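What follows is a set of notes on a single structure, which appears directly below.
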Ligand SMILES: [Zn+2]
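Numbering (the working numbering), first residue to last: 11 to 292.
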């Protein structure tokens with residue numbers, strides 16, 4: 011059933027009550043390969059215009075970086091190259107002058123961030139699933155902000171929770187995101203009954219705890235290349251688990267690199283205004 015978008019809804023991502031509600035794609039709209047069958051459902055959820063705009067920019071930026079690191083000969087990714095080229099202003103027709111300038115700047119930005127692979131040899135920070143495409147002669151690497159990937163994975167999960175259990179993920183519950191080192195779907199995900207397809211190689215598996223249905227596990231596959239393992243649990247439980255396990259990390263530390271900069275809006279997510287959340291009409 012489609013949920014109608016009404017005024018003064020809460021944004022699924024920043025949780026604020028807003029009168030500028032928009033529809034945000036649960037799976038990033040720019041990440042659907044061109045080869046996605048028409049029958050695939052494109053879920054959307056209520057999202058404030060600020061989150062929608064900033065997430066859209068982040069997804070577009072990540073798409074171009076990721077596309078340089080995936081095997082485009084794979085069925086899942088073959089419909090992506092043309093999308094990435096278009097966002098760089100290559101092979102795109104009918105663009106306005108302003109859009110052409112924007113895309114040229116974006117292209118220059120990406121080019122300026124390429125690093126010789128030799129500079130990174132032996133250093134940590136490679137993200138599982140990504141790397142030079144097989145058979146590629148490329149001598150270059152591109153930085154991919156781990157924080158950005160985590161924000162997109164979190165967004166997918168928040169959207170799925172809203173669609174599947176009519177829920178906003180909010181305190182005392184929180185989320186942790188991990189990148190899985192392999193494309194092998196482990197148990198208990200492999201036998202999960204809730205599996206949702208978002209296009210070639212893109213799917214979500216969901217499991218919940220019987221003792222507390224708000225404790226939820228997700229396995230997200232993106233283009234059969236990138237695999238996220240996500241846990242929603244009580245923040246206290248997650249903090250205890252954090253102490254037991256070392257977190258998967260992307261590029262180490264250097265947040266001053268331009269490519270590592272995430273929109274300050276997304277980094278410092280606005281806190282919902284409690285006075286709005288409890289407002290009652292008398
Ligand atoms: Zn928002």
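Ideal placement from N, C-alpha and C gives every residue a C-beta, glycine not left out. This structure is a prediction, so every number in the text was calculated from the model and none was measured.
Is the beta carbon of residue 202 closer than 8 Å to that of residue 217? Yes, they are a contact pair.
Less than 7 Å separating the Cβ of residue 23 from some heavy atom of ligand 1? Yes - ligand 1 has a heavy atom lying nearer than 7 Å to the Cβ of residue 23.
Which residues in the same chain as residue 276 place their Cβ atom closer than 6 Å to its Cβ, once the five residues preceding and following it in sequence are excluded? The residues are 64 and 161.
Start and end of the alpha helix (DSSP H) containing residue 217? Looking at the DSSP string, residue 217 is not in any alpha helix (DSSP H); the run it does join, the beta strand (DSSP E), is 212–218.
Contact the stretch 230–241 vs the stretch 180–187: 3+ CB pairs below 8 Å: Yes, the stretch 230–241 is in contact with the stretch 180–187.
Which same chain residues, not among the five before or five after residue 177, have their C-beta less than 8 Å away from its C-beta? For residue 177, where only same-chain residues beyond five positions count, the Cβ hits under 8 Å are 171 and 224.
With a threshold of 8 Å, are at least 3 pairs of Cβ atoms found where one atom belongs to the stretch 207–222 and the other to the stretch 60–74? Taking 8 Å as the limit for Cβ pairs, the verdict is that the stretch 60–74 does not touch the stretch 207–222.
Any chance the CB of residue 26 is under 7 Å from a heavy atom of ligand 1? Yes, the beta carbon of residue 26 sits closer than 7 Å to at least one heavy atom of ligand 1.
Buried or exposed: residue 246, going by 16 or more other Cβ atoms within 10 Å of its Cβ? Flag for residue 246 reads exposed.
What number of angstroms, rounded off, separates the C-alpha of residue 27 from the C-alpha of residue 116? Going by the C-alpha atoms only, they are around 33 Å apart.
Report whether the distance from the Cβ of residue 61 to the nearest heavy atom of ligand 1 is below 7 Å. In this structure, ligand 1 has a non-hydrogen atom nearer than 7 Å to the beta-carbon of residue 61.
I'd like the span of the alpha helix (DSSP H) that includes residue 247, first residue to last. Boundaries of the alpha helix (DSSP H) around residue 247: 245–254.
Taking residue 206 and residue 195 to be in contact with their CB atoms under 8 Å, please state how far apart those CB atoms are, rounded to whole angstroms. Under the criterion of beta carbons closer than 8 Å, residue 206 and residue 195 do not qualify as touching, at roughly 14 Å.
Short of 7 Å in beta carbon distance, which residues of its chain neighbour residue 114, apart from the five on each side in sequence? Order them along the chain. Answer for residue 114: 99, listed in chain order.
Quick one: what does DSSP say residue 238 is sitting in, helix, strand or coil? The answer is strand: DSSP assigns residue 238 an E or B state.
Beta-carbon spacing of residue 73, residue 40 below 8 Å: Their beta carbons are under 8 Å apart, which means residue 73 touches residue 40 by this criterion.
What residue from 229, 47, 130 and 197 has the CA that sits closest to residue 152's CA? Restricting attention to 229, 47, 130 and 197, the CA atom closest to the CA of residue 152 is found in 130.
Candidates 46, 44 and 56: which alpha carbon is nearest residue 30's? Taking only the C-alpha atoms, the option nearest residue 30 is 56.
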